[in-house]
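The sequence shown: position 18 = 177 (my numbering), numbered continuously.
Ideal Cβ placement from N, Cα and C applies to all residues, glycine included.
Working notes for the structure below.
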Amino acid sequence: MAQNTHALPGTEDPGHSHPNEMAYVKIAAILATITLIEVVIYYLESAGSILVPALIVLSAIKFVTVCAYFMHLKFDDRRLTWIFTGGFMLAAAIFIGFCTMHYYHQVTEFASNMIT
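Now the structure itself:
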């Protein structure tokens, strides 16, 4: 006989409980701190060459945090996380492909100038 793995209405699995309100306040404070760091980095004149990579990394951290906690992906079925991640990776691949095609002429011109 197959065992039913779905929880009955009104019962909670303690291993998959959601964070309390204080945890959400801490997460919001962390996100606000990362945003403050992003603003400070933007206005630093000495951050010229690392500005864009630093902002991308900090934004990615915020994105993952928001998806994990506020979209509840951390607490839902792992299949939903894989579906979301797969869609995100597909969108990122399309974006990278578009950028590559858009700047192809400039890259090949730069490469040919370097060879000659």
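- Distances from the alpha-carbon of P178 to those of S208, Y228, F254 and T192 put Y228 closest.
- The closest CA to that of I193, considering only G207, I209 and T224, is found on T224.
- Between the stretch 195-204 and the stretch 212-224, the count of Cβ pairs shorter than 8 Å is three or higher; the stretches touch.
- Residue environment analysis places L232 among the buried positions, since at least 16 neighbouring C-beta atoms fall within 10 angstroms of its C-beta.
- Within the same chain, Cβ atoms closer than 8 Å to the Cβ of S218 are found at E197, the five residues on either side in sequence being excluded.
- Taking 9 Å as the cut-off, the Cβ atoms of C258 and F243 do not count as close.
- Under the three-state reduction of DSSP, Y201 is assigned to helix.
- The C-alpha of L249 lies about 30 Å from the C-alpha of Y183.
- When DSSP states are grouped into helix, strand and coil, L195 belongs to the helix group.
- K221 sits away from L195, with the two beta carbons spaced by 9 Å or more.
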